[in-house]
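All remarks here apply to the structure that follows.
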Amino acid sequence: MSRFFKAEISGSDILNSDICLLSLKPHAEYEHPLPGQFYMLQAIGCYDPLLKRPFSIFSIKNNNLSFLFRVRGKATKILSSLKKGEVIDVIGPLGNSYPEPGSDFVAVAGGVGVASLYNLIEKYSCRAHFFYGAKTKDELVLLDKISSLAKELTIVTQDCSCGLEGVVTDACADAICIPDSALNGLPVYACGPNPMLKALHSRLSGKGIKCYVSLEEHMACGVGACLGCVVKGINEYKRVCKEGPVFSMDEIQW
Amino acid sequence: MVNLSVKIGRLELPNPVMTASGTFGYGQEYSEFFDIERLGAIVVKGLSYVPKQGNPPPRIAETPAGMLNAIGLQNIGVDRFIAEKLPHLRTLDLKVIANFFGDSIVEYVKAAEALTDSGGVHALEMNISCPNKQAGWIVFGTNPDAMREVVTAVRKATDLPLIVKLSPNVTDIGMMAKVAEDCGADAVSLINTITGMCIDTKTRRSKIANVTGGLSGPAIRPIAVRMVWEVNKSVMIPIIGMGGIMTAQDALEFIIAGASAVSVGTANFINPVAAIEIISGIESYLLEHGIADINEIIGSLKT
Ligand SMILES: Cc1cc2nc3c(=O)[nH]c(=O)nc-3n(C[C@H](O)[C@H](O)[C@H](O)COP(=O)(O)OP(=O)(O)OC[C@H]3O[C@@H](n4cnc5c(N)ncnc54)[C@H](O)[C@@H]3O)c2cc1C
Ligand SMILES: Cc1cc2nc3c(=O)[nH]c(=O)nc-3n(C[C@H](O)[C@H](O)[C@H](O)COP(=O)(O)O)c2cc1C
Ligand code: FES
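As they're listed, the protein sequences go chains R and W.
The opening residue of the first sequence carries number 1 in the numbering used here; numbering runs sequentially from there.
The opening residue of the second sequence carries number 1001 in the numbering used here; numbering runs sequentially from there.
Rendered as structure tokens:
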């Protein structure tokens, strides 16, 4: 069972606003991923883009691995335009995973950050107080599924086109910090753009809340060899692909 | 059967394919993908006497058919390498080449001595593409006098086969190779990355925090092949060629240009079993062309 294998596109859907849901059928036996782990994906046979790109596991069903990603540049554009039956290169599952929530938990997703948390709420269904934020309504995807998997779903958009108005970190922190909140003391799992995670840190740090964040950095190898993907930890640089992508919030220098 | 074994000075390799420093860690990360004992040799991540934190992120950016990196030579230091990584490498039937560097001549010498005394390192590769902190930040490998001084000092400090890894950021790489040879190097390896930059036009910032980085990958291959050819004309010592090798065909270009062995770097990131595929590809090439021994084609470029 190798973590380097070929897989065939078994489904590809463009959801709203440039978000693609890609399903892969591995050609060989594969290692089962844990929520929070990621894969390096690449269309075969081209040197431009040269490097594989990291994507969180979104879901595993009927021996299909699926990924949810936003089309941003060259590689994601190519991946989103592959046809059923085409074969790509895959390395994974890689990195660590979200620690198992012992109880109900809070999940905070910013934009396509929902990709990595989806697998967690699927595995621990009806236990997540899920806060899902985006700039605007069009960027929110799979709301029906998320709402059926979560214990409670709070939607936040910056332009107030859906759910609460504002940023998801404030909505979540406000809900945790009100007196006698049922959410106070629950572990928090977050994934989204860096500024969002930074904002979450400034709202929640020092409050005794266990908070896990999934981070992104540019990657070359994905397996810990190149030292290209580091983030600043408290005492030393940490590799997102190896020590991460999931970090306890207080391990990181924000 | 064909003969794939080559000699780099006194160092005998079972085949001419090794992994390039900084792209293969200390071997552990890739052992799950293939049996690393099949490699000609492993060249470990660059080591310094004093551990280094490296540069702030972002450290890498992709460019057309290449990548820029400014890792900043982050490494665990010679002592921890010897204590934590070498014991496992020693148990393998694998030639271990320790790549090392320093901020000053004293640091180069200390690192070379410690690695020589460690037992378990088969050869040293000195990376001279770094600046001398004690002498105006001149990059050792781009100034013939600075290079002569540091290679001479290291040569005195070790009796292991010594490979000098040349910087391509020079006008006349053949001349630099000659300096290494004159100072007693057993071999030269080339090329290290080519200094480059890429800018995010939206933010008008460099895409890597260090501003400049080293370019590697297929984009640099034609330059690397040309440099191997030039060095082959100017020195007698063996050459280890590298720069953008992705396939056996690429590796053979270097060998025909004059390299006795090759290193696979960036390709490992894209295809974790690239090195193994290259070894078997070279073997098939020899069989197909009725060549009994790889040594017959080293430097066999027809002009
Ligand atoms: C562990 C991990 C898991 C990820 N999971 C997902 C996911 O599930 N869904 C998803 O949509 N995206 C995910 N990403 C981000 C994704 O890897 C990038 O969006 C992708 O690499 C962009 O490639 P590109 O060639 O299309 O864009 P490029 O042309 O390379 O770049 C376009 C823009 O994306 C940024 N970018 C490029 N690579 C990365 C990267 N590795 N991390 C962050 N930003 C990057 C660039 O700075 C640039 O602004 C993840 C990243 C990491 C590190
Ligand atoms: C991420 C990365 C890290 C590297 N680190 C080192 C290093 O520590 N010491 C060194 O001598 N060369 C280092 N190199 C240079 C490579 O060993 C090699 O010379 C160069 O990348 C060209 O080969 P390639 O195109 O096959 O990668 C590094 C290259 C990369 C891409
Ligand atoms: S991507 Fe190479 S070490 Fe993380």
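All C-beta atoms in this analysis are idealised placements derived from N, C-alpha and C, irrespective of residue type, glycine included.
Note that the coordinates shown come from a computational prediction; the quantities given were computed from them, not determined experimentally.
Heavy atom of ligand 3 less than 7 Å from the Cβ of residue 240(R), yes or no?
Checking the Cβ of residue 240(R) against ligand 3 gives yes.
At a Cβ threshold of 8 Å, is residue 4(R) touching chain W?
It does: the Cβ of residue 4(R) has a partner Cβ on chain W nearer than 8 Å.
Extract the residue ranges of the beta strand (DSSP E) inside the segment 60-92 of chain R, only unbroken runs of 3 or more that lie entirely within it.
DSSP runs (the beta strand (DSSP E)) wholly in the segment 60-92 of chain R: 64-70.
Where do the ends of the alpha helix (DSSP H) carrying residue 1015(W) lie?
For residue 1015(W), there is no enclosing alpha helix (DSSP H), as DSSP marks it with neither H nor E.
Between residue 1098(W) and residue 1166(W), which are expected to be in contact by the criterion C-beta below 8 Å, what is the C-beta distance as a whole number of angstroms?
Actually they do not touch by this definition, with Cβ atoms about 18 Å apart.
Less than 8 Å between the C-beta atoms of residue 1264(W) and residue 1275(W), yes or no?
Closer than 8 Å, so yes.
Three-state secondary structure (DSSP) of residue 1242(W):
Residue 1242(W): strand per DSSP, three-state reduction.
Helix, strand or coil: which one does DSSP assign to residue 1106(W)?
Judged by DSSP in its simplified three-state form, residue 1106(W) adopts helix.
Beta-carbon proximity of residue 1067(W) to residue 1216(W), cut-off 8 Å:
Yes, they are a contact pair.
Do you know whose CA, among 1269(W), 1116(W), 1273(W), lies nearest residue 1248(W)'s CA?
Answer by Cα proximity: 1273(W).
Sorry if obvious, but does the Cβ on residue 226(R) come closer than 7 Å to a heavy atom of ligand 3?
At least one heavy atom of ligand 3 is nearer than 7 Å to the Cβ of residue 226(R), so yes.
Under the criterion of a Cβ to heavy atom distance below 7 Å, does residue 163(R) qualify as lining ligand 2?
Flag unset: Cβ of residue 163(R) not near ligand 2.
What residue range is occupied by the uninterrupted alpha helix (DSSP H) comprising residue 1227(W)?
Annotation: the continuous alpha helix (DSSP H) that includes residue 1227(W) extends over 1221-1234.
Quick check: is the beta carbon of residue 1273(W) nearer than 8 Å to any beta carbon in chain R?
Yes, because at least one Cβ of chain R sits closer than 8 Å to the Cβ of residue 1273(W).
At a threshold of 7 Å, does residue 1191(W) count as lining ligand 2 (C-beta to nearest heavy atom)?
Within the cutoff, so yes.
Span of the alpha helix (DSSP H) around residue 197(R)
Secondary structure note for residue 197(R): its alpha helix (DSSP H) is the uninterrupted segment 194-204.
Residue nearest to residue 197(R) in terms of C-alpha spacing, selected from 186(R), 172(R), 182(R)
If we check each option's Cα against that of residue 197(R), 172(R) comes out closest.
What does a CB cutoff of less than 6 Å around residue 113(R) pick up in its chain, not counting 5 residues either side in sequence?
The residues 191, 192, in chain order, have a CB closer than 6 Å to that of residue 113(R) in the same chain once the five nearest residues on each side in sequence are set aside.
Please list the partners that residue 238(R) has in chain B, where partner means a Cβ-to-Cβ separation under 7 Å.
Note that chain B does not occur in the displayed structure, where the protein chains are R and W.
Going along the chain, which unbroken runs of the alpha helix (DSSP H) with 4 or more residues stay wholly within the segment 1063-1113 of chain W?
Segments of the alpha helix (DSSP H) lying fully in the segment 1063-1113 of chain W: 1077-1080, 1086-1090.
When the cut-off is 8 Å and only beta carbons count, does residue 1171(W) lie next to chain R?
It does not: the Cβ of residue 1171(W) has no partner Cβ on chain R nearer than 8 Å.
Taking beta-carbon pairs under 8 Å, can you tell me which members of the segment 1060-1075 of chain W lie near chain R?
Here the close residues are 1060, 1061, 1062, 1064, 1065, 1066, 1067, 1069, 1071, 1074.
Taking 7 Å as the cut-off, does the CB of residue 1245(W) come closer than this to any heavy atom belonging to ligand 2?
Yes, the Cβ of residue 1245(W) comes within 7 Å of a heavy atom of ligand 2.
Selected residue, minimal CA-CA separation from residue 137(R), among 19(R), 13(R), 11(R):
With respect to the C-alpha of residue 137(R), the residue from 19(R), 13(R), 11(R) having the closest C-alpha is 19(R).
Can you find a heavy atom of ligand 3 that lies under 7 Å from the Cβ of residue 1183(W)?
Short note on residue 1183(W): C-beta not closer than 7 Å to any heavy atom of ligand 3.
C-beta atoms of residue 188(R) and residue 210(R) nearer than 8 Å
A contact, by the Cβ cut-off of 8 Å.
Heavy atom of ligand 1 within 7 Å of residue 95(R) beta-carbon
When distances are taken from the beta-carbon of residue 95(R) to the heavy atoms of ligand 1, the shortest one is below 7 Å.
Assuming residue 1178(W) contacts residue 1235(W) (C-beta within less than 8 Å), just tell me the rounded distance between them.
Here residue 1178(W) really is in contact with residue 1235(W); their C-beta atoms are around 6 Å apart, less than 8 Å.
Under 8 Å between C-beta atoms of residue 1158(W) and residue 1183(W):
Result no, Cβ atoms of residue 1158(W) and residue 1183(W) do not sit closer than 8 Å.
When burial is assigned at 16 or more other CB atoms within 10 Å of the CB, is residue 178(R) buried or exposed?
That one is exposed.
If you measure from the CB of residue 1086(W), is any heavy atom of ligand 2 nearer than 7 Å?
Not under cutoff, so the answer is no.
Does the beta-carbon of residue 1041(W) have 16 or more other beta-carbons within 10 angstroms, so that it is buried, or is it exposed?
Looking at its Cβ environment, which holds 16 or more other Cβ atoms inside 10 Å, residue 1041(W) is buried.
Examine ligand 2 and report whether any of its heavy atoms sits within less than 7 Å of the Cβ of residue 111(R).
For residue 111(R), the CB stays at least 7 Å from every heavy atom of ligand 2.
In terms of residue numbering, what span does the beta strand (DSSP E) encompassing residue 1287(W) cover?
Counting along the chain, residue 1287(W) falls outside any beta strand (DSSP E), though it belongs to the alpha helix (DSSP H) covering 1274-1288.
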